[in-house]
Amino acid sequence: AGKTTLLNTIFGLADIFEGDIKFNGVSLKGKSPDKIAALGIGYSPQQQNIFPNFTVEENLLLGAYLRRDKEIKKDIEEIFEIFPEIERRRRNLAKTLSGGERQMLAVARALMLKPKLLLCDEPTAGLAPKAASLLAKKIKEIRERGTTIIMVEQNAKIALSISDRTYVLAGGRIVAHDSSANFLIKKDFESLYFK
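The sequence shown runs 966 to 1160 under the numbering used here.
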């Protein structure tokens, strides 16, 4: 339906064929992912994009690759405040983490750039319900701390519970949009969502 393509296009992983995408007044058209990240956009793709043979902490350090400030170690500790589940595994190799922990690490690593906008593609895909619910709460906390999030999510209940606005895409087009609160009370939501 074009959801992942939308995120890939914003992040410079897919070409823009028509129109333009602007972030804070700057065109993203033709920019590479590292240039887009430098503008303040982080990306946590659908597949758990982690380095399995690096520790949790090393993965987080790699997430800060564009930063030159001296706050990186402090920011790792702040990330661990949001994700204590991976803090206690900070010296473990990422490949030893559970699926939910790996997904938390992928989101946490994207946050290490201190993005103004975080793109999350299917963050709860393939997770057990308990792990999906926990990760959704973490994403809501990130949003409440001031990071804008564009999230592609198949689980409508989770998406609506943690978002302010919802857009339904079908065939690469927006077929419905409203506040998430309004979607929750609409009786015809399921028919819209599952067209």
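Note that beta-carbon positions come from the ideal geometry of N, C-alpha and C, so glycine has one too.
Ala1141 is bridged by DSSP to Val1133.
Judged by beta-carbon spacing, Leu1082 lies within the 8 Å limit of Gly1005, meaning their Cβ atoms are closer than that value.
Within 10 angstroms of the beta-carbon of Ile1001 lie 16 or more other beta-carbons, which makes it buried. Put simply, the region 1036-1053 touches the region 1072-1079. At least three CB pairs are less than 8 Å apart. Cβ atoms of Val1117 and Lys968 come within 8 Å of each other, at about 4 Å. About 6 Å separates the beta carbon of Thr1089 from that of Ala1101, a gap short enough to meet the 8 Å contact definition. Ser1009 and Ala1071 do touch by the CB rule: their CB atoms are close to 5 Å apart, below 8 Å.
Beta-bridge pairing by DSSP links Ser992 to Lys987. Excluding its 5 nearest sequence neighbours in each direction, Phe1019 has C-beta neighbours in its own chain below 8 Å: Leu1027, Leu1058, Ala1059, listed in chain order. Residue pairing of Ile1006 in beta bridges, as defined by DSSP: Leu1082. The alpha helix (DSSP H) runs lying completely inside the region 1006-1042 and spanning 4 residues or more are 1021-1028, given in chain order. Listed in chain order, the alpha helix (DSSP H) runs fully inside the region 1061-1120 are 1064-1076, 1094-1109, counting runs of at least 4 residues. Scanning Glu1106, Ser1098, Tyr1030 for the CA closest to the CA of Ile1047 turns up Glu1106.
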